[in-house]
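To convert, note that position 30 of the sequence shown is 147 in the numbering used here; the numbers rise steadily by one, no gaps.
Read through the structure below, which is laid out as structure tokens, and then see the notes.
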Amino acid sequence: MNSGAPVASFPVFTFIIALFFLGERLTAMKAGGLVLVVLGVILLRV
Numbered sequence: 118m119n120s121g122a123p124v125a126s127f128p129v130f131t132f133i134i135a136l137f138f139l140g141e142r143l144t145a146m147k148a149g150g151l152v153l154v155v156l157g158v159i160l161l162r163v
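Right under this line is the structure:
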């Protein structure tokens with residue numbers, strides 16, 4: 118079983134949890150990081 122994609126997407130889930138529970142704000146730097154994580158997960162799935 119390939120667990121690379123779910124493990125690589127942990128930062129996205131961590132940010133979503135921080136957004137709702139800790140009141141974290143989305144900045145340009147964080148948005149760029151989230152985009153890079155999503156692109157990395159897509160590359161892992163190919």
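Glycine included, every Cβ here is placed at the ideal spot set by N, Cα and C.
Per DSSP, reduced to three states, the secondary structure at G149 is helical. One thing to note: A125 has its Cβ within 8 Å of the Cβ of G157. Between L161 and A122, the C-beta gap is smaller than 8 Å, which places the two residues in contact.
If you look at T144, you'll find it isn't in any alpha helix (DSSP H); DSSP assigns it neither H nor E.
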